[in-house]
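What follows is a short report on a single structure.
Protein chains in written order, with this note's numbering: chain A, 1 to 98; chain B, 99 to 727.
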């Protein structure tokens with residue numbers, strides 16, 4: 001039973017990772033990050049269930065809180081950039097290249 | 099009285115320090131008189147402390163002022179014995195007269211006070227040298243006088259020739275000093291101390307002939323540098339770029355005799371090595387006749403005296419080399435008087451001629467400046483060895499000792515006689531060219547006798563040039579007895595005993611002197627055309643003398659030019675290409691690496707993400723592999 005949850009989590013994580021690498025829109029990339037975080041949450045919860053401990057669920061709460069904080073800051077930055085540059089494409093934000 | 103001995107050095111030193119800081123607030127003659135006062139006070143203290151030696155009751159005394167490096171016998175210690183007393187009296191006595199003269203000579207110079215600062219500093223340094231109680235302190239004085247010599251030769255440093263001459267003197271002296279320093283190291287390795295007491299009293303018992311020769315020859319290298327002996331004499335003629343009182347004080351009367359003093363002081367060491375003594379005498383003889391021949395052809399009034407000084411120093415080396423230490427020191431003393439007088443007289447002439455130094459443009463000055471002419475005439479006769487003036491007695495004693503020693507020294511005796519003849523000739527030539535005949539002055543030059551502040555020292559030195567010889571005559575060896583305690587236990591060469599031999603030798607040397615004077619007089623007391631033809635009659639020989647055998651060109655080609663090429667090669671090839679290349683290469687290497695790595699920073703978020711993912715993958719694989727094995 002647990003294997004299926006794990007496979008689902010791996011699939012979600014891979015989709016999120018590939019999304020980060022191929023998409024250019026900052027908002028979409030953000031959603032991919034959320035996808036990866038929740039894939040991890042799924043592994044934690046299912047592993048906790050299989051091992052019959054509460055540790056997995058406990059860790060998940062921390063991840064949720066951190067993710068919420070991160071979304072707040074990240075979205076604020078994206079909005080600020082959009083106001084400034086009228087774009088959300090990360091390829092056009094490459095001034096810091098060497 | 100000798101408790102106050104430190105004042106001998108402290109007075110001129112204090113004068114120098116005071117003038118250095120306060121001199122520029124004083125009006126002109128004051129710094130000169132302060133400096134004169136300092137050195138005159140030093141003379142008074144030295145004379146007072148020397149009274150017991152004159153009375154024959156004095157004993158060698160040591161006065162430790164400061165324990166500097168007691169472990170190697172290098173304390174700041176004064177030794178007061180007849181030899182240092184005599185040297186101190188000559189330095190301060192002649193020094194005082196020259197200080198007074200300089201007040202007149204340096205009149206109007208904008209760095210008047212600075213001149214006397216240096217002059218007093220020199221006096222303090224020279225007194226440190228001669229009063230030192232060990233070789234370490236002697237070396238300190240030795241280097242300090244070299245520094246003062248450099249400062250004073252280059253006193254008019256805005257003249258390129260003066261600053262070049264100062265550098266030359268400094269560099270040539272360094273060569274000699276290196277030899278001296280190595281000699282001191284050998285001495286320390288042998289005895290474990292550098293104090294006179296420790297070294298000289300044990301020299302006879304503990305020194306092997308080989309070590310004695312090594313130390314003696316290394317000291318000779320140092321002495322040859324400082325006392326301008328072949329082959330290191332070339333700096334002294336150039337040193338005439340300094341003001342004339344400097345030439346008189348440093349480059350005639352005192353500093354250049356330091357080499358003779360060191361050899362005399364180290365007599366117990368030279369006593370152990372006939373080779374070292376012989377080399378000293380031979381070097382002296384070569385120098386004496388070599389420089390005398392150059393002096394004949396000079397036309398610059400100071401250059402004649404410079405080469406004459408080199409030649410006379412060679413005479414002193416002949417004396418101390420033949421272990422006739424008293425004779426050498428005796429000649430040192432008389433030479434200090436008449437050579438200082440000659441230089442000051444030349445200074446008086448240069449002053450009167452508005453800085454003209456070419457003797458061919460002088461002539462007939464005796465009527466305009468009778469005091470200078472008379473006193474320089476006395477000095478000329480004294481250096482020519484005409485009895486009964488000072489030079490005759492001291493020169494005769496050296497010649498007598500050489501003759502009595504026999505062997506190879508007989509050849510040196512002949513060299514000495516020929517040199518005496520040449521000396522008499524070129525000195526008479528100088529006097530006649532300057533003071534008699536028709537004036538050959540440039541237009542607008544109006545010679546006049548110098549002020550009294552300059553002529554009085556001339557008169558005092560003239561008196562000394564006449565009477566100084568009587569301190570050591572076959573009638574009464576007063577100086578010999580005076581110096582005896584300083585040369586205790588050292589076997590010393592004397593002139594032959596007995597009146598017959600003395601009269602024969604004295605007749606020969608006076609004959610050489612008289613012949614030289616007569617030849618000089620006959621050749622030059624004629625119209626200018628006549629003596630010019632006389633000089634041209636010598637042909638290329640005369641040119642060689644006039645150009646000083648072109649030794650400077652030879653040194654320039656053999657030593658200076660290769661040295662310069664090496665310097666240029668190291669500066670512009672090795673330094674700027676190899677050293678700088680390595681340093682710049684390291685910089686360039688990191689610059690290139692940096693520019694390469696810079697490209698990794700693309701600014702595209704997905705590239706960073708890819709790196710991140712790749713790293714994660716690697717870590718994950720590693721974890722899995724570890725878990726499997």
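Note that beta-carbon positions come from the ideal geometry of N, C-alpha and C, so glycine has one too.
Cβ of residue i within 8 angstroms of any chain B Cβ
i: residue 73 of chain A; result: no
i: residue 20 of chain A; result: yes
i: residue 96 of chain A; result: yes
For residue i, the three-state DSSP class (helix, strand or coil)
i: residue 301 of chain B; result: helix
i: residue 593 of chain B; result: coil
i: residue 623 of chain B; result: coil
i: residue 574 of chain B; result: strand
i: residue 57 of chain A; result: helix
i: residue 607 of chain B; result: helix
i: residue 162 of chain B; result: strand
i: residue 174 of chain B; result: strand
i: residue 78 of chain B; result: With chain B running from 99 to 727 in the structure shown, residue 78 of chain B is simply not present.
i: residue 375 of chain B; result: helix
i: residue 364 of chain B; result: coil
i: residue 167 of chain B; result: strand
i: residue 472 of chain B; result: helix
i: residue 293 of chain B; result: strand
i: residue 391 of chain B; result: helix
i: residue 101 of chain B; result: helix
i: residue 230 of chain B; result: strand
i: residue 207 of chain B; result: coil
i: residue 540 of chain B; result: coil
i: residue 452 of chain B; result: coil
Contact with chain A by residue i, beta-carbon distance below 8 angstroms
i: residue 671 of chain B; result: no
i: residue 701 of chain B; result: yes
i: residue 663 of chain B; result: no
i: residue 690 of chain B; result: no
i: residue 724 of chain B; result: no
Length of the line joining the Cα atoms of residue i and residue j
i: residue 372 of chain B; j: residue 580 of chain B; result: 26 angstroms
i: residue 667 of chain B; j: residue 676 of chain B; result: 11 angstroms
i: residue 315 of chain B; j: residue 492 of chain B; result: 25 angstroms
i: residue 427 of chain B; j: residue 534 of chain B; result: 34 angstroms
i: residue 424 of chain B; j: residue 577 of chain B; result: 8 angstroms
i: residue 208 of chain B; j: residue 439 of chain B; result: 26 angstroms
i: residue 485 of chain B; j: residue 613 of chain B; result: 13 angstroms
i: residue 568 of chain B; j: residue 272 of chain B; result: 38 angstroms
i: residue 42 of chain B; j: residue 144 of chain B; result: The question about residue 42 of chain B has no answer here: the residues shown for chain B are numbered 99 through 727.
i: residue 792 of chain B; j: residue 673 of chain B; result: No information on residue 792 of chain B is available, as it lies outside the stretch 99 to 727 that chain B covers here.
i: residue 39 of chain A; j: residue 12 of chain A; result: 6 angstroms
i: residue 591 of chain B; j: residue 385 of chain B; result: 21 angstroms
i: residue 285 of chain B; j: residue 300 of chain B; result: 12 angstroms
i: residue 339 of chain B; j: residue 252 of chain B; result: 7 angstroms
i: residue 685 of chain B; j: residue 697 of chain B; result: 19 angstroms
i: residue 292 of chain B; j: residue 148 of chain B; result: 25 angstroms
i: residue 504 of chain B; j: residue 327 of chain B; result: 23 angstroms
i: residue 59 of chain A; j: residue 83 of chain A; result: 36 angstroms
i: residue 538 of chain B; j: residue 350 of chain B; result: 28 angstroms
i: residue 494 of chain B; j: residue 483 of chain B; result: 8 angstroms
i: residue 529 of chain B; j: residue 337 of chain B; result: 22 angstroms
i: residue 227 of chain B; j: residue 459 of chain B; result: 40 angstroms
i: residue 175 of chain B; j: residue 222 of chain B; result: 15 angstroms
i: residue 313 of chain B; j: residue 295 of chain B; result: 17 angstroms
Rounded Cβ spacing between residue i and residue j (contact assumed at less than 8 angstroms)
i: residue 521 of chain B; j: residue 406 of chain B; result: 7 angstroms
i: residue 323 of chain B; j: residue 275 of chain B; result: 6 angstroms
i: residue 463 of chain B; j: residue 603 of chain B; result: That belief does not hold up - the Cβ atoms of residue 463 of chain B and residue 603 of chain B are roughly 36 angstroms apart, past 8 angstroms.
i: residue 247 of chain B; j: residue 348 of chain B; result: 5 angstroms
i: residue 133 of chain B; j: residue 217 of chain B; result: 6 angstroms
Near the ligand ATP: residue i beta-carbon under 7 angstroms from a heavy atom
i: residue 308 of chain B; result: Because no ligand of any kind appears in the structure shown, any question about the ligand ATP cannot be addressed here.
_Chain-ordered residues of the stretch 79-94 of chain A with a beta carbon less than 7 angstroms from chain B_ = Residues of the stretch 79-94 of chain A with a C-beta atom less than 7 angstroms from some C-beta of chain B are 90, 91, 94, listed in chain order.
*Which of the residues in the stretch 3-20 of chain A, read from start to end, lie with their CB under 8 angstroms from any CB of chain B?*
Flagged, chain order: 17, 20.
*Short-range partners of chain A found in the stretch 706-717 of chain B, where Cβ spacing is below 8 angstroms*: The residues in question are 707, 708, 711.
*Contact residues within the stretch 266-278 of chain B, judged by C-beta distance below 7 angstroms to chain A*: Of all residues in the stretch 266-278 of chain B, none is placed with a Cβ closer than 7 angstroms to any Cβ belonging to chain A.
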